[in-house]
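> Below you'll find the structure I mean.
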Amino acid sequence: MATWVGDGLPAGLMERRQTSAVLGTVAADVASARVLIVADQPVLRNVIRTACGASQHLEVAAEVASGREALGAYRFLFPDLVLIDVSLPDMSGLEVARRLRREVPRPKILVLSGRTDDETLFESIRVGVDGYLEKTAGVREVVAALERLAAGERLITPEQERSAIEELGRLVRRAREASDIVPSIAPREIEILEHLGSGLTIRQVANRLGVSTRTVEARVAKLYRKLDASNRVQALAKAADLGLIELG
Amino acid sequence: MRLSFFGPNADVSTMTRVLRVLVVDDHEMFSEALALLFGRQPGIELVAALPAGEEAVARCRDEAPDVVLMDVDLPGMDGIEATRRIRAASPGTRVVVLSAMESPTLIVSAMAAGASGYLPKTRAADDLVAVVRRAAAGEIVMADDDLPVVLDELRTGREPNVAAELALRRLTAREIEILRAMAAGDAAGEIAETLGISSLTVQSHVKNILAKLGVHSKIEAVTMAWRHGLATVSRPV
Amino acid sequence: MVSKLRLGVIVVDPLPVVRSALALMIDDRPDMDVLAEAGTAGEALEAIRRIRRSHVAVLVSLGLEGEHDSYWLIRTIRDQFPGLSVLACGANAEPLAISRALFSGADGFLDKSSDPVEFLQSLRRGATGEMVLAGPPTEWVGAIAEGIERRRLVETTLTDREREVLKVAAEGLTARQIATRLGVRERTVTTHLGRIYNKLGVGTRVAAIRLATDAGLVSVGVPE
Chain A
1 MATWVGDGLP AGLMERRQTS AVLGTVAADV ASARVLIVAD QPVLRNVIRT
51 ACGASQHLEV AAEVASGREA LGAYRFLFPD LVLIDVSLPD MSGLEVARRL
101 RREVPRPKIL VLSGRTDDET LFESIRVGVD GYLEKTAGVR EVVAALERLA
151 AGERLITPEQ ERSAIEELGR LVRRAREASD IVPSIAPREI EILEHLGSGL
201 TIRQVANRLG VSTRTVEARV AKLYRKLDAS NRVQALAKAA DLGLIELG
Chain B
1 MRLSFFGPNA DVSTMTRVLR VLVVDDHEMF SEALALLFGR QPGIELVAAL
51 PAGEEAVARC RDEAPDVVLM DVDLPGMDGI EATRRIRAAS PGTRVVVLSA
101 MESPTLIVSA MAAGASGYLP KTRAADDLVA VVRRAAAGEI VMADDDLPVV
151 LDELRTGREP NVAAELALRR LTAREIEILR AMAAGDAAGE IAETLGISSL
201 TVQSHVKNIL AKLGVHSKIE AVTMAWRHGL ATVSRPV
Chain C
1 MVSKLRLGVI VVDPLPVVRS ALALMIDDRP DMDVLAEAGT AGEALEAIRR
51 IRRSHVAVLV SLGLEGEHDS YWLIRTIRDQ FPGLSVLACG ANAEPLAISR
101 ALFSGADGFL DKSSDPVEFL QSLRRGATGE MVLAGPPTEW VGAIAEGIER
151 RRLVETTLTD REREVLKVAA EGLTARQIAT RLGVRERTVT THLGRIYNKL
201 GVGTRVAAIR LATDAGLVSV GVPE
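Protein chains in written order, with our numbering: chain A, 1 to 248; chain B, 1 to 237; chain C, 1 to 224.
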């Protein structure tokens, strides 16, 4: 079904738009799922477009090279599937995915990443993408993934789920740690941390606060214990991580 | 952005014989894209697509291809080092360095390592073909906008900071989002609002960014982002 | 990494039938033993104090209510018996309840409606300290992570007093009523509320209560 939402154009009619998007044919073929390709490397777009063209189940509705164009093209074409490269020139591919998820109807989203880190995968799953592929995969895998998405299959693998849940575990641990420690740190101690962060010595901090060096030393020792740190650098890093102070 | 070519087009034979090209990139998708591209070009033969630097050096030593298209971000030996070794092992082989990220710093390092040019992967397909042909003939290629920056880096004599460059690549997509916003001058609160997360989360990310980049202040991180092309001063994020 | 030791499990659920069913399923496994069953938080803690072995997991149903509810129990076990694994378990739980359980200290969440094999395998893995989520769809990870981060925001930016004020405010009381409840002046309450809005980055009481609810600070079902 080739729905065409636009300026009241009759169904099936094609028109070249002002954007740099290149439109494919809107065919009346009922079986094909329509794909929007969002990637800023033309060479990649070419090979993916060609491969999708060879698939009987897919047809490319458009190709765009930026996030803004992607959102515009989506609202014009309402493709079933959107393939998004995480690295785009104007915004993160994840931001595009985030916004597309709020659209009605919502498309299936396959994210392509040039990275292999757990955090990007986790962020993608948090956003709620339907599939995540690394660029170390081949084009065949991309096409297979799009076909499976079109058929309504789930693409997030058990390994990816496991990795995301592990990352969630880390997030939980950090959040718990923060809520355990932060409330126990007095405003005065935060002040001391800020001074230490600016590079002041203990003596200078004592001067600043109008107390003895010994008092500051004791306070700092207590702080290190609370932050589970053995030196200034660790303490400052931990404090920044917990949001108590800002670095730089 | 226009490409400029420099230097003598010395090897006329490259116009009449088939040019043998080696692609080095761990993103199989990209290698396949280049294979498709060159497959349609008469006169260019893709000899192999390899995922790592070491293999590429060995292959060049044995087979001396005309041109190597070398990705900068490789696992293990990085593309700049691989370029250096290939140039030493097979002087007749030209190397053009490709990168997903624009970066003045890397260009300088690439040229110093003996590359014939440096291209971002965002270039059009036609450009890539032209680059292969002209690099094989002995020309140097560079995007117009990059030249002044490269000359400036050379003039100020700063050590190309390849380590910093590679460090930037270790940032996650989220961290890059935040670093770009910082470079655009957004405060933590604004960033939090735009991304729909808490400002504490933003601060946590900032801390990780500073740690990964090996810097101690936000201004250093932002400067790195500008210098390495991650964000432009004028471009709104 | 799954331990070679048999896993000892304490099953905590207010409903006897559910308790028995879970216990039977677990005891049936050659590598697991049910050490005790408990119907309330108090019983659970008593049972825990009697334990004399390592590699123990406490399976806490989210159905405990009242002052010593499931979240209270999870937090208490984490504080007093840090060597034990705690796994929350529920039937058709919402992301908010799951994030609350995780934030309170659970090492994972197992849905009672999940496949029994998956349930048990997740129980084993959770008992070694790995975060597990058996049953909830991957689509919920985002909402669960949001809940955790919001809770962290509320816990780390508000003082105890401010949290107290917010909890009472969430019942729908006016500033004066809140003041009466807490035994302070009305002006004190409005000052607190002002600071709360500031810290949470919201502009209205409704927004603050919404955030507090999303953070699991107050129970769902409170009129907004």
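The beta-carbon is built from N, C-alpha and C at its ideal position, and this holds for glycine as well.
Using CA atoms only, rank isn't needed, just tell me which of A:Gly210, A:Ala206, A:Arg225, A:Leu223 is closest to Val216 (chain A).
Indexing the first sequence from 1 puts residue 216 (chain A) at position 216. Taking only the C-alpha atoms, the option nearest Val216 (chain A) is A:Ala206.
> May I ask you to report which of helix, strand or coil DSSP gives Ile84 (chain A)?
Taking the first residue of the first sequence as position 1, residue 84 (chain A) is located at position 84. Strand, per DSSP.
> Is the segment 116-135 of chain B touching the segment 173-185 of chain B, taking contact as three or more C-beta pairs under 8 Å?
no
> Return helix, strand or coil for Glu15 (chain A), following the three-state DSSP convention.
As a position in the first sequence, residue 15 (chain A) is number 15, starting the count at 1. With a pLDDT of only 39 at Glu15 (chain A), under 50, the local geometry of the prediction cannot be trusted, and the value read off the model is given with reservation. Of the three classes helix, strand and coil, the one that applies to Glu15 (chain A) here is coil, per DSSP.
> Within the 9 Å Cβ cut-off, does Thr172 (chain B) reach chain C?
Position 172 of the second sequence, counted from the first residue, corresponds to residue 172 (chain B). False, the Cβ-Cβ gap to chain C never drops below 9 Å.
> Let me confirm a value: Ile219 (chain B) is counted as buried when at least 16 other C-beta atoms fall within 10 Å, else exposed. Which label applies?
The count along the second sequence starts at 1 and reaches residue 219 (chain B) at position 219. The residue in question, Ile219 (chain B), is exposed, as its Cβ has fewer than 16 Cβ neighbours within 10 Å.
> Hey, is Gly128 (chain A)'s beta-carbon within less than 9 Å of any beta-carbon in chain B?
In the first sequence, counting from the first residue as 1, residue 128 (chain A) sits at position 128. Not an interface residue.
> In chain C, which residues lie with their C-beta within 8 Å of the C-beta of Ile107 (chain B)?
Taking the second sequence and counting its residues from 1, one reaches residue 107 (chain B) at position 107. Result: empty, since nearest Cβ-Cβ is about 39 Å, beyond 8 Å.
> Along the chain, where does the alpha helix (DSSP H) that runs through Gly147 (chain C) open and close?
The sequence position of residue 147 (chain C) within the third sequence is 147, counting from 1. Counting along the chain, the alpha helix (DSSP H) containing Gly147 (chain C) begins and ends at 141-157.
> Can you check DSSP and say which residues form a bridge with Tyr118 (chain B)?
For the purposes of this step, residue 118 (chain B) is taken as residue 118 along the second sequence, with counting starting at 1. Tyr118 (chain B) is bridged to B:Val97.
> Are the segment 141-148 of chain A and the segment 169-176 of chain A in contact at 8 Å, needing three or more beta carbon pairs?
Verdict: no, contact absent.
> Is there a Cβ of chain B sitting closer than 9 Å to that of Asn231 (chain A), yes or no?
Taking the first residue of the first sequence as position 1, residue 231 (chain A) is located at position 231. Closer than 9 Å: no.
> Grab me the residues of Ala56 (chain B)'s own chain with a C-beta within less than 8 Å of its C-beta, minus the 5 sequence neighbours each way, in chain order.
Against the second sequence, residue 56 (chain B) aligns to sequence position 56. Excluding residues within five positions, the ones whose Cβ falls inside 8 Å are Leu22, Val24, Leu50, Val68, Met70, Ala82, Ile86.
> From which residue to which residue does the beta strand (DSSP E) around Val206 (chain C) run?
Within the third sequence, the letter at position 206 stands for residue 206 (chain C). No beta strand (DSSP E) contains Val206 (chain C), which is instead part of the alpha helix (DSSP H) from 205-214.
> Any beta carbon of chain B sitting closer than 9 Å to that of Arg176 (chain C)?
Along the third sequence, read from residue 1 onward, the residue named residue 176 (chain C) stands at position 176. Closer than 9 Å: no.
> Between the Cα of Gly92 (chain B) and those of B:Ser204, B:Ser99, B:Gly114, spot the shortest distance and give me the residue it belongs to.
Locating residue 92 (chain B) in the second sequence gives position 92, counting from the first residue. Residue B:Gly114 is the option with its Cα nearest to Gly92 (chain B).
> Whole-angstrom Cβ separation of Glu166 (chain A) and Ile245 (chain A), contact assumed at under 8 Å?
Taking the first sequence and counting its residues from 1, the one referred to as residue 166 (chain A) is at position 166. Taking the first sequence and counting its residues from 1, the one referred to as residue 245 (chain A) is at position 245. Actually they do not touch by this definition, with Cβ atoms about 29 Å apart.
> Give the interface partners of Ala145 (chain C) over in chain A, defined as CB-CB distance under 7 Å, in chain order.
Along the third sequence, one-based indexing puts residue 145 (chain C) at 145. Chain A residues near Ala145 (chain C): Arg126, Leu168, Leu171.
> Is the segment 119-126 of chain A in contact with the segment 68-80 of chain A, if contact means three or more CB pairs nearer than 8 Å?
no
> At the level of alpha carbons, what is the spacing between Thr156 (chain C) and Val182 (chain A)?
For the purposes of this step, residue 156 (chain C) is identified with residue 156 of the third sequence, where counting begins at 1. For the purposes of this step, residue 182 (chain A) is identified with residue 182 of the first sequence, where counting begins at 1. Cα to Cα, Thr156 (chain C) sits roughly 6 Å from Val182 (chain A).
> Please state whether DSSP places Asp11 (chain B) in a helix, a strand or coil.
Within the second sequence, residue 11 (chain B) is the residue found at index 11, counting from 1. If DSSP states are grouped into helix, strand and coil, Asp11 (chain B) belongs with coil.
> In three-state terms, what does DSSP make of Met25 (chain C)?
If you number the third sequence from 1, residue 25 (chain C) lands on position 25. Residue state, collapsed to three classes: helix.
> By the 10 Å Cβ neighbour count, where 16 or more other Cβ atoms means buried, how is Gly129 (chain C) classified, buried or exposed?
Indexing the third sequence from 1 puts residue 129 (chain C) at position 129. Exposed.
> Taking 9 Å as the threshold (beta carbon to beta carbon), is Gly273 (chain A) in contact with chain B?
No statement about residue 273 (chain A) is possible, as the shown extent of chain A runs from 1 to 248 and does not include it.
> Please report the distance separating the alpha-carbon of Asp90 (chain A) from that of Ser66 (chain A).
For the purposes of this step, residue 90 (chain A) is taken as the residue at position 90 of the first sequence. For the purposes of this step, residue 66 (chain A) is taken as the residue at position 66 of the first sequence. The alpha-carbon atoms of Asp90 (chain A) and Ser66 (chain A) are separated by roughly 6 Å.
> Give the interface partners of Thr156 (chain C) over in chain A, defined as CB-CB distance under 8 Å, in chain order.
Translated into the one-based positions of the third sequence, residue 156 (chain C) becomes position 156. Within chain A, the residues near Thr156 (chain C) are Ala178, Ser179, Val182, Pro183, Leu242, Gly243.
> Please identify the residue among C:Val154, C:Arg187, C:Glu171, C:Arg176 whose C-alpha is closest to the C-alpha of Ile196 (chain C).
Here residue 196 (chain C) is taken as the residue at index 196 of the third sequence, counted from 1. Of the listed residues, the one whose Cα sits closest to Ile196 (chain C) is C:Val154.
> Any beta carbon from chain C within less than 9 Å of Ala186 (chain A)'s own beta carbon?
To locate residue 186 (chain A), count along the first sequence from 1; it is residue 186. Closer than 9 Å to the CB of Ala186 (chain A) there is not a single CB belonging to chain C.
> In chain B, which residues lie less than 9 Å from Ser87 (chain A) when you measure between Cβ atoms?
Locating residue 87 (chain A) in the first sequence gives position 87, counting from the first residue. Residues of chain B passing the Cβ test: Ala100, Met101, Ala173, Ile176.
> Quick one: does Glu28 (chain B) have its CB under 9 Å from some CB of chain A?
For the purposes of this step, residue 28 (chain B) is taken as the residue at position 28 of the second sequence. Yes, Glu28 (chain B) lies at the interface with chain A (some Cβ there is under 9 Å from its Cβ).
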